[in-house]
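Letter 215 of the sequence shown, counting from 1, is numbered 215 in full-length UniProt numbering, and no numbers are missing. Built from N, CA and C at the ideal position, the CB exists for glycine as well. Here's the structure, in structure tokens; my notes come after.
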Amino acid sequence: MKFRLRRPIPWGKIMKITFSQILIAIMVSSITYASPIKAQGILNKKVNVTLSNTTMLEALQYLQKNNNVKFIYSSGSLNADKRFSLNINNQPLKKVLDQVFKNNGINYDVMNDRVVLEKSAAGTDAVNPPVEIVAAAETPANVTITGKVVDNTGQPVPGATVTEKGTTNGITTGADGGFKLSVAGPQSVIVVQFIGFARKEVVVGDQTVINVTLTEDVKTINEVVVVGYGTQKRTTVTGAISSVKATDLQDQQVTRVDDALRGRVTGVTVVQSSGSPGAAPQIRVRGVTSRLNSDPLYVIDGIVVDNGGLDNVNPNDIESIDVLKDASAAIYGSRSSNGVIIVTTKKGKKGDAQISYNGYVGVQSPVSKAKLTNATQYATLRNQASTNDGGAAIFPNPSQYGTGTNWQDQIFDSNALIHNHNLNISGATDKANYYTSFGYLDQQGVVMPDISGYKKFTFTVNTSYKLKKWLTVGENFTYAYTKNKAFGNTNSVFGGPLSSALNLDPITPTTVSDINSVPYPGDYSNANIVRNSQGQPFGISHYVGQEITNPLAYAQTVMGNYSDATNLLGSAFVEVEPIAGLKVRSQISAKQAYYGSDSFAPLYYLNSSTANTTTRQVQAYNRNLSWNWDNTITYNRSFGKHNLTALVGTSAQKTTASGLQGTFSGEPINSFDDASINFALPAANRVAVSALGLDDVQPHTLASYFARVTYDYDQKYLFSGIIRRDGSSKFGSNNVYGTFPSGQVGYVITREDWFPKNTFVDFLKLRASYGVVGNEMALGPFRYAATIGSGRNAVFGDQLYIGYSPNAPANPNLKWEETHTTDIGFDATLFNNLSVTFDVYKKLTKGMLQQVQLPSYAGFAGQPFDNVGDMQNKGVELSLNYNNKMGDLSYSVGGNISYNKNTVLSLGNQIDHFVSGTVQSTNYEIGRITPGQPMNEFYGFKELGVFHSQADIDAYTKNGQLIQPNAKPGDFKWQDTNGDGKITEADRQFLGNPLPTFTYGVNLSANYKNFDFKLFGQGVWGNKIYQAYRRLDIPAANYPLDALNAWTPTNSGSNYPRLTDSDPNNNFKNPSNFYLQNGAYFRIKTLQLGYSLPQNWLKSADIKRVRFFLSSNNLVTITGYKGFDPEISGGIDMGLYPQARTFMAGLDITL
């Protein structure tokens, strides 16, 4: 008898060869079914056998039942008549098998935890197909299937999973693609799966031999990513490129393209700058890389646009969003250090014309409100502050005011409407492709919808035509019109209605019906006092400062004001393929933008210091034109197992801008609707100012040459190299041109012949990249040139002479910021369903652009730009996605998490720090940019709690001297950071990071028959928020609810400082950790349930799809932050416009 055991793989020797094989040894050695170690373990298993006058079949069944050993055998190989006896105690299985099959011409081997028996003669027993022995307790297998799995070229697919549907019964194919599997019966369904191929199901029926041909799964194997001036297969990409596909966004209700990236892409942080409708978020790719501009580059269908360009795209038109995060971005050279976001819009799909409608209507409410005191509580605390200062109580009977006015309830609308409608028509033939869409969005603001809202209309046409076999032409065109009603930057102490609602006292009424009942009726006698529709004047506060006005009255003064924009974005291309594999393409593209605004200030009186006595209308008009001309030659060639793609190209770009503003004063009307620039006004009342100068002002030009080579051998060994040379008009004569190279390598280990075939690791690709990318977007035109400043006037005798003097010297050495980026990562697919992407990166920015202060004796009033700073970002990214199907239920679970550490390395030899944030009522900054710290780190005093008693004050000493001799019980105890025994500005320290350390996202989707469910959430962790919305320079401003716990002699255990108007200890005026709160949050961004009508209901009407859905955005926010919204760019909250919680009902129809 022959005993065959596979020769052990020399793991120790392999581990000495390469790191990749070390990784494989760790990941695979314990799970490889063909592992000789596992085979040896089975054969060495100790068994007990006591059999008398038994057959081979009975012996195998005994071993299966009593010793948990499974066999696969051909029934014809067993001698059914021969009987024998066997008595073995605690001996290896190998000894039993040797005795049972000795002299019977049967060989055995171990495969996938089973002992496989076969005759010594080669070949397959076709008459008696293999069967698998099962334990008596198991359901007997009635049908045994053999077969082979191949791809569409006829090549075997080793390692494919073959399972009986609905059970755990399964096996993997061998090196020749063959398999043997026993199933319950003819009704069974076998499921065949392998990474990169479409899943296939086959009903067994009366078949005993089933050969399966797998076809490549277009979604995986042929999935492509846009890499700039071309595409590349996902499986051979060597860069860190993350993608969001149309399928990821299908049935998602987002109003901006930016929202599609939030929490879905590792390394990309999307923070809403305002919840105001239409407001653009702040996007950062792998951290902040520049002090002046860290915005990524945006490319829409090959057209480079500014950071406002994404608003031109209807999210419903998106086919894919690809984010170049590492050295792969070098193809865009001097504009790519902050990452590149490439948006590709939809094209038609081959087949009949398809018409689709998607729309929804919904209501919105603010995600949260600030917790403030009511009128009684406010009056009580005002009395407390006054008496703490040694004064008398201001309000003798606080309870008489009741709850008073809740100003937040007055400005917030919990039923603000939103509706969105999209219609598209698309199709394609062998020679033509077309996609046309219309979109309309109307969104009211949740803060005073009369003066806050957003409308957008978009129209898109994408076409291409194959005129000849070798000639293709096409175009992409988008028209977008937006109209925005907004009241400026709300994240400010002068933030209009929001700032007023947070600071206005709750005692002041919304309107006054009897002016004799108010403390100062004279304020209400002004002819221009603002009144409501019933003629009642709006209330005026007599407690807070004059800067805080009634938000309802303020709204009347800006009613009708708006800004709008018209954007035309288009491109046309010609592509010639003179020989197979060689494509020559020329594309011309342009973006024309018109921005306008119209505002009217009527006569009004809000209080004694906020009034307007002359009507004023201001109209502004700006135009921006940019064009690109790109020419590329691409060559694709495959020979044997070698695959090569080479790209060379040129690009030219020019951008110009101009603008004009007109002011018209004294119009004889008092409302926006009646305002007109056509009134006959004196010349002095009609003032026109050029906002940007003459036409063609501030031009910027860019000329570029670039090349890229990608190569792979057998889709196993991968390489990509990029070089780009840019010439920019923004930089000095010594640095007009810059060169940006990068290199990337990859290694698909699972394509190695030596890689063990297993059911665990289906695909594993290691990759690494390094490159140098640039940033010119941090700088405007002509910053390298010497400038002249006005305002240097002088008087000689009685004559005034207008003077000019040098403002800043020329800097011919000014150049782009350079970021050196390194990335190491891997992409893997496990268990055929779980995809994993992991990256570790480092970004080092050198020569940060910033203005430097010259000594006064140099004779320059301004600050020239120079390259003087360095900054670093280090991070880790992990993304997991799992997909599975169980009967009628298919589901997907995914998550991603990113870690980024930002550090400012230097700011030049003569610069210690930059100020990065201030608030009202303090002489100190609240943030600094300092070497060794993260960007914009919070900076201030550290409070160590409250002095609960005089004894605490007396105990806080240095060398026997009181550190805070003027403090009183209830005041903050400030940390003496430098240990000099006194509290001065030198005791300030770094307090926390406004930038999140971790960002993450989770998603869950499921489909069961006609129902679908989606949940998406995202969050951040590791950042602080400086809550500064209370006007500290106005002691009578309303209080946060926490102030009810302020220190008093009867509440001496509190750590909230005593209330005081004079604030001698600077408890409230000092920027300190008292104002810092945890900015971490988790938010359910989307929760949706949908139902699609059954296809048999729609077939007769020739309708492909009808789906109804209910959806909610920003449904739940889990956070410890006490302000409106924890999602704050910059980390300083002075009353940021909160995001809206939205409930929607919608309809999808496809014909």
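Query                                                                                                                   : Result
Of the listed residues 766, 777 and 740, nearest to residue 729 (C-alpha basis)                                         : 777
Euclidean distance between Cα positions of residue 771 and residue 783                                                  : 27 Å
Spatially closest choice to residue 431 from 473, 378 and 900, by CA coordinates                                        : 473
For residue 485 and residue 450, the rounded distance between their alpha carbons                                       : 8 Å
For residue 923, three-class secondary structure by DSSP                                                                : coil
Contact under 7 Å by Cβ, residue 42 with residue 145                                                                    : no
Cβ-Cβ distance between residue 1189 and residue 1026 below 7 Å                                                          : No information on residue 1189 is available, as it lies outside the stretch 1 to 1151 that the chain covers here.
Residue 828 in three-state terms, based on DSSP                                                                         : strand
Whole-angstrom distance between residue 341 and residue 914, CA atom to CA atom                                         : 30 Å
Runs of alpha helix (DSSP H) lying entirely within the segment 907-979, each at least 4 residues, in chain order        : 950-955
Cβ shell of residue 1159 (< 6 Å), same chain only, five flanking positions each side left out                           : Examination of residue 1159 is not possible in this model, given that the chain is present from 1 through 1151 alone.
Beta-carbon proximity of residue 411 to residue 501, cut-off 7 Å                                                        : yes
Rounded Cβ spacing between residue 700 and residue 781 (contact assumed at less than 8 Å)                               : 5 Å
Local Cβ density within 10 Å of residue 534, reported as buried at 16 or more and exposed below that                    : exposed
Best match in 382, 270 and 376 for proximity to residue 393 [C-alpha to C-alpha]                                        : 382
Among 151, 231, 95 and 554, nearest to residue 636 - alpha-carbon criterion                                             : 231
Cβ-heavy atom distance, residue 899 to the ligand SAM, below 6 Å                                                        : Ligands are entirely absent from the displayed structure, and the ligand SAM is therefore not among its contents.
Cα-Cα separation between residue 377 and residue 930, rounded to whole angstroms                                        : 42 Å
Inter-stretch contact (C-beta, 8 Å, three-pair minimum) for the segment 577-585 and the segment 614-626                 : no
Contact set for residue 630: own chain, Cβ-Cβ below 6 Å, skip 5 residues either direction                               : 587 and 651
Buried versus exposed call for residue 164 [16 or more other C-beta atoms within 10 Å across all chains shown]          : buried
Contacting residues, own chain, Cβ-Cβ under 6 Å from residue 347 (five flanking each side not counted)                  : 433, 435 and 462
Secondary structure of residue 736, DSSP reduced to three states                                                        : coil
Environment of residue 1138 [buried if 16+ CB atoms lie within 10 Å]                                                    : buried
Limits of the alpha helix (DSSP H) - the one that residue 551 falls within                                              : 551-557
Reference residue 322, options 99, 372 and 246, closest by Cα                                                           : 246
For residue 628, the nearest candidate out of 833, 655, 524 and 640 (CA to CA)                                          : 655
Boundaries of the beta strand (DSSP E) in which residue 376 is found, first to last residue                             : Unbroken run through residue 376 is the alpha helix (DSSP H), 375-388; no beta strand (DSSP E).
Spatial neighbours of residue 1012 in its chain, beta-carbon cut-off 6 Å, leaving aside the 5 residues before and after : 1090
Residue burial classification, residue 522 (beta-carbon count within 10 angstroms, cutoff 16)                           : exposed
Residue ranges of each beta strand (DSSP E) within the segment 801-874, 3 or longer                                     : 805-808, 817-830 and 834-851
Residue 628, DSSP secondary structure in three states                                                                   : strand
Whole alpha helix (DSSP H) elements within the segment 462-519, 4-residue minimum                                       : 497-503
Collapsed DSSP secondary structure at residue 1147 in the structure displayed                                           : strand
Boundaries of the alpha helix (DSSP H) in which residue 101 is found, first to last residue                             : 93-101
Backbone CA spacing between residue 291 and residue 853 [nearest angstrom]                                              : 16 Å
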